[in-house]
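Enquirer: Here the sequence shown is numbered in our numbering, starting from 1 and rising by one per residue.
One structure, as structure tokens, below. Some questions next.
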Amino acid sequence: MAAADALAGLRIVVSAGPTYEDLDPVRFIGNRSSGKMGFAIAAAAARRGAQVLLVAGPVALATPAGVQRVDVRSAAQMHDAVLAGLPADVYVGAAAVADFTPRQVAAGKIKKRDGEDGLTLELVRTRDILADVAGHARRPRLVVGFAAETDSVDSNARAKLVKKKVDLIAANRVGVEGSGFESDDNALVVYWNGGEQALGPAPKTELADRLLDLVAERL
Ligand code: CTP
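What follows is the structure, given as structure tokens:
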């Protein structure tokens with residue numbers, strides 16, 4: 001139980017779920033993240049005695065026991081809520097944050113026009129929450145990112161570890177049965193500088209505890 005004790009009393013900020021980027025009053029760009037992995041991590045950390053702030057995108061999940069929750073909608077709101085949650089000992093970026101957001105939100109519903117057979121949306125990059133936390137003056141002692149990959153999981157995940165200057169990257173292969181966004185189960189490969197460990201396939205609730213074991217070991 002030594003690993004579990006290592007998290008007791010620590011402040012842990014977890015982001016979870018998708019973000020919704022509004023196009024107009026009735027439409028948005030979202031993604032298929034259910035938030036289950038991030039909520040499982042928040043729940044497990046609270047069970048292990050951590051003081052947990054969960055920044056949640058739009059999801060249909062109950063707040064885990066003992067967790068402080070802040071609900072957000074867009075990537076920009078999630079950025080603000082996560083950074084407002086610092087200082088912390090650990091940040092786990094489990095949210096599927098939109099990489100792009102519409103340059104402008106239309107004030108009224110976007111209408112079809114006669115003679116137009118298409119619509120071009122102009123999108124701009126969002127700020128990278130994970131990279132901003134990792135580069136922050138009050139950087140948490142341990143910063144954990146996720147990577148959803150369809151191909152070349154190993155090299156893509158390792159590249160993110162270096163580029164975003166994070167301590168751990170938990171990679172999952174999306175687009176395969178029994179893992180990824182909407183599933184209750186998942187399989188992760190966790191990478192750090194000089195090592196890696198495969199976790200699962202297992203229920204996300206169990207993976208959360210195994211991931212936190214790695215966090216505790218590397219603190
Ligand atoms: N992330 C973030 N802020 C963003 C985008 C991503 O904090 N604006 C975080 C996610 O929470 C996750 C990790 O970065 O921890 C995922 O990195 P990203 O490079 O966005 O992953 P992919 O979407 O898998 O990247 P790519 O589009 O390059 O494949």
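The beta-carbon is built from N, C-alpha and C at its ideal position, and this holds for glycine as well.
Roughly how many angstroms lie between the CA atoms of Leu-119 and Arg-125, to the nearest whole one?
Expert: Residue numbering aside, residue 119 sits at position 119 when the sequence shown is read from its first letter. Residue numbering aside, residue 125 sits at position 125 when the sequence shown is read from its first letter. If I take the Cα positions, the gap works out to 19 Å.
Enquirer: Classify Pro-25 as buried or exposed, calling it buried when 16 or more other Cβ atoms lie within 10 Å of its own Cβ.
Expert: Along the sequence shown, one-based indexing puts residue 25 at 25. Label assigned to Pro-25: exposed.
Enquirer: Quick one: what's got a C-beta closer than 7 Å to Glu-196's C-beta in the same chain, skipping five residues either side?
Expert: Within the sequence shown, numbered from 1, the residue matching residue 196 stands at position 196. Result list for Glu-196: Val-189, Val-190, in chain order.
Enquirer: According to DSSP, is Thr-101 helix, strand or coil?
Expert: What you label residue 101 is simply residue 101 of the sequence shown in a count that begins at 1. Looking at Thr-101 - three-state DSSP - the assignment turns out to be strand.
Enquirer: Return no unless some Cβ of chain E is closer than 8 Å to the Cβ of Leu-7.
Expert: Here there is only one protein chain, and chain E is not present.
Enquirer: Look up Ala-3 in the DSSP assignment and say whether it is helix, strand or coil.
Expert: Here residue 3 refers to the residue found at position 3 when the sequence shown is read from its first residue. Model confidence at Ala-3 stands at a pLDDT of 45, short of 50, so the residue's coordinates are unreliable and nothing is read from them.
Enquirer: Please identify the residue among Leu-83, Lys-204, Leu-123, Arg-69 whose C-alpha is closest to the C-alpha of Val-143.
Expert: Numbered from its first residue, the sequence shown carries residue 143 at position 143. The shortest C-alpha separation from Val-143 is found at Leu-83.
Enquirer: Quick one: does the C-beta of Asp-80 sit closer than 7 Å to a heavy atom of the ligand CTP?
Expert: Numbered from 1 along the sequence shown, position 80 holds the residue referred to as residue 80. In this structure, Asp-80 has its beta carbon at no less than 7 Å from each heavy atom of the ligand CTP.
Enquirer: To the nearest angstrom, how far is the alpha carbon of Ala-2 from that of Ala-8?
Expert: The residue given as residue 2 occupies position 2 in the sequence shown. The residue given as residue 8 occupies position 8 in the sequence shown. With a pLDDT of 47 at Ala-2, under the threshold of 50, the modelled position of this residue cannot be trusted, and the question is left open.
Enquirer: Note down, in chain order, each residue of its chain lying with its Cβ closer than 7 Å to the Cβ of Ala-6, except the 5 sequence neighbours on either side.
Expert: Reading the sequence shown from its first residue, position 6 is the one you call residue 6. So the qualifying residues of the chain are Ala-216, Leu-219.
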